[in-house]
Amino acid sequence: MVQRAFGIDPGNSSFARLLERFLEIYHDSVATHTRLFSGMDEVLMQIEARAMCWGIVTNKSNRFTKPLTAALGLIHRAACIVSGDTTVHRKPYPDPLLFACRQIKTVPAHCLYIGDATKDVEAGLRAGIRTAVALFGYISSDESPETWGANCLFSSPQDILDWLVNSP
1 MVQRAFGIDP GNSSFARLLE RFLEIYHDSV ATHTRLFSGM DEVLMQIEAR AMCWGIVTNK
61 SNRFTKPLTA ALGLIHRAAC IVSGDTTVHR KPYPDPLLFA CRQIKTVPAH CLYIGDATKD
121 VEAGLRAGIR TAVALFGYIS SDESPETWGA NCLFSSPQDI LDWLVNSP
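In my numbering, the protein residues as written are 1 to 168.
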């Protein structure tokens, strides 16, 4: 973001200072305007009511993940929360997803990983996890999620619950 906003490369002498300032501002306001997608909390409550566990695997550093999940009321509900700096490699490597599987004591084949980026699908497939694309997520109009190789596409949070209830 700093590179695009200021039109400078990481090698520029001002880049590190601007990046650190951006991260400070981001940290201070990480949950100010962030909300769950409409209908997502209801889906999570239904998942919990069915005694299914769910977790979060993000490339966001723990420095941001922890306050954000706390502010959203998710930190104590999620069976696991894996940040971008939890493992040596971030997505698209499978490491964070495999770490999450170990945390919840299950095998990848018993999981579904839902994301809104190609690296999410790639990480899931490399980990041996069924993958889905959240079409309601942060996908730009120039992307083609139907070509990412996911097992399914969800147009809304309710589609997630429908799939979980009806999948074998």
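All C-beta atoms in this analysis are idealised placements derived from N, C-alpha and C, irrespective of residue type, glycine included.
For Ala-109, the three-state DSSP class (helix, strand or coil) | In the structure shown, Ala-109 sits in a helix (DSSP, three-state: H, G or I).
Nearest-angstrom Cβ-Cβ length linking Ile-104 and Ile-81, presumed shorter than 8 Å = For a cut-off of 8 Å, the C-beta gap from Ile-104 to Ile-81 is around 11 Å, too long to register as a contact.
Given Gly-149, which residues of its chain have a CB within under 7 Å of its CB, disregarding the five upstream and five downstream residues?
-> Around Gly-149: Val-121 and Leu-125.
Which runs of the alpha helix (DSSP H) fall wholly inside the segment 34-97 and span at least 4 residues, in chain order?
-> For the segment 34-97, whole alpha helix (DSSP H) runs of length 4 or above, ordered along the chain, are 40-49 and 62-71.
How about Leu-19 and Val-2: do their beta carbons lie closer than 8 Å?
-> At a Cβ-Cβ threshold of 8 Å, Leu-19 and Val-2 count as neighbours.
Which term fits Tyr-138, buried or exposed, when burial requires 16 or more other beta carbons within 10 angstroms of its beta carbon?
-> Its Cβ having fewer than 16 others within 10 Å, Tyr-138 is exposed.
Could you say if the segment 68-76 and the segment 94-104 meet the contact criterion of at least three C-beta pairs nearer than 8 Å?
-> A contact is defined here as three or more CB-CB pairs under 8 Å, and the segment 68-76 fails this definition with respect to the segment 94-104.
Nearest residue (CA-CA) to Asp-142, options Thr-106, Ala-117, Asp-41 and Val-165 = Ranked by how close their Cα comes to the Cα of Asp-142, the residues Thr-106, Ala-117, Asp-41 and Val-165 have Ala-117 in first place.
For Phe-15, which beta-bridge partners are listed by DSSP?
-> None; Phe-15 has no bridge partner.
Comparing alpha-carbon positions, which option in Val-88, Thr-69, Thr-87 and Asp-85 lies nearest Ala-79?
-> Taking Ala-79 as reference, the option from Val-88, Thr-69, Thr-87 and Asp-85 with the minimal CA-CA separation is Thr-69.
Please state whether DSSP places Thr-147 in a helix, a strand or coil.
-> Annotated three-state conformation of Thr-147 is helix, per DSSP.
Limits of the unbroken alpha helix (DSSP H) element including Thr-131 | Counted as a single uninterrupted DSSP element, the stretch harbouring Thr-131 is not any alpha helix (DSSP H) but the beta strand (DSSP E) occupying residues 130-134.
Go ahead and label Gly-11 buried or exposed: buried means 16 or more other beta carbons lie within 10 angstroms of its beta carbon, across all protein chains shown.
-> Exposed, by the Cβ-count rule.
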